[in-house]
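Residue numbers (the numbering used here): 99 to 333.
Okay, structure coming up:
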């Protein structure tokens with residue numbers, strides 16, 4: 099089981115029914131709309147004002163921007179986090195994951211970028227000792243990818259498997275969109291193709307590493323063996 103540096107942020111539990119459930123949903127939908135339209139992360143107060151809900155009520159459901167963004171991402175990616183495959187082939191399972199989930203990343207690109215933005219902003223504030231809310235912690239991809247590469251585990255050492263897990267976590271998520279679209283100007287479909295190509299290349303590299311046996315080292319000579327060898331040379 100992969101171990102993370104931080105405990106992941108969990109979304110606030112929505113009320114089950116009635117006016118409270120409707121208010122919770124209204125605030126969440128409003129926040130998602132603001133992010134989709136403008137790209138910026140709304141404060142809880144801004145979401146409340148746009149929803150025509152009192153600040154006090156809004157803060158009862160979402161006590162911070164972290165809580166609000168966690169709920170936004172959970173709503174956006176809930177189905178992705180529940181994906182499970184019974185495919186016994188590890189490479190095919192990774193392919194299934196990328197093919198099924200990258201279109202959802204595209205659909206909620208603005209929300210995912212906002213979450214990454216908040217995480218980076220809070221990282222700087224935390225280092226400066228200025229962070230005044232609980233930090234938003236990402237990382238659900240770790241468990242998702244762990245399930246995807248599970249069939250590959252018997253084919254490689256724990257060290258190689260962990261390196262593959264780490265590497266795939268770099269190319270799975272919103273990050274390929276940020277780099278390949280913003281810097282290279284690629285379209286969404288090409289981003290998906292490139293990310294899958296990288297995943298294949300990483301799996302190939304891990305399998306090659308797993309097949310390579312370490313070179314056998316000659317046993318070190320003992321002091322007695324050295325003395326015998328020197329005497330033989332001298333004699």
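Glycine is no exception: its CB is placed at the ideal position from the N, C-alpha and C atoms.
At which residues does the alpha helix (DSSP H) containing residue i begin and terminate?
i, result
"residue 157", "153 to 159"
"residue 282", "Counting along the chain, residue 282 falls outside any alpha helix (DSSP H), and DSSP gives it neither H nor E."
"residue 177", "163 to 179"
"residue 225", "207 to 225"
"residue 244", "238 to 246"
"residue 263", "256 to 269"
"residue 137", "It is not in any alpha helix (DSSP H) - residue 137 carries neither H nor E in the DSSP assignment."
Report all residues from its chain with a CB closer than 8 Å to the CB of residue i; omit the five preceding and five following residues, and keep chain order.
i, result
"residue 189", "250, 298, 301"
"residue 207", "272, 275"
"residue 124", "149, 151"
"residue 183", "191, 194, 195, 245, 246"
Evaluate residue i with the Cβ neighbour count: other Cβ atoms within 10 Å of its Cβ, from every protein chain shown; 16 or more gives buried, anything less gives exposed.
i, result
"residue 137", "exposed"
"residue 101", "exposed"
"residue 252", "exposed"
"residue 290", "buried"
"residue 268", "exposed"
"residue 197", "exposed"
"residue 225", "exposed"
"residue 117", "exposed"
"residue 287", "exposed"
"residue 133", "buried"
"residue 256", "exposed"
CB of residue i to nearest heavy atom of the ligand GDP: below 7 Å?
i, result
"residue 168", "Absence of the ligand GDP from the depicted structure is noted, as is the absence of any ligand whatsoever, leaving it without description."
Grab me the residues of residue i's own chain with a C-beta within less than 7 Å of its C-beta, minus the 5 sequence neighbours each way, in chain order.
i, result
"residue 285", "none"
"residue 263", "100, 243, 244, 247"
"residue 169", "109, 110, 126, 160"
"residue 141", "163"
If you drop the 5 nearest sequence neighbours on each side, which residues of the same chain put their C-beta closer than 6 Å to that of residue i?
i, result
"residue 108", "none"
"residue 129", "140, 145, 166, 170"
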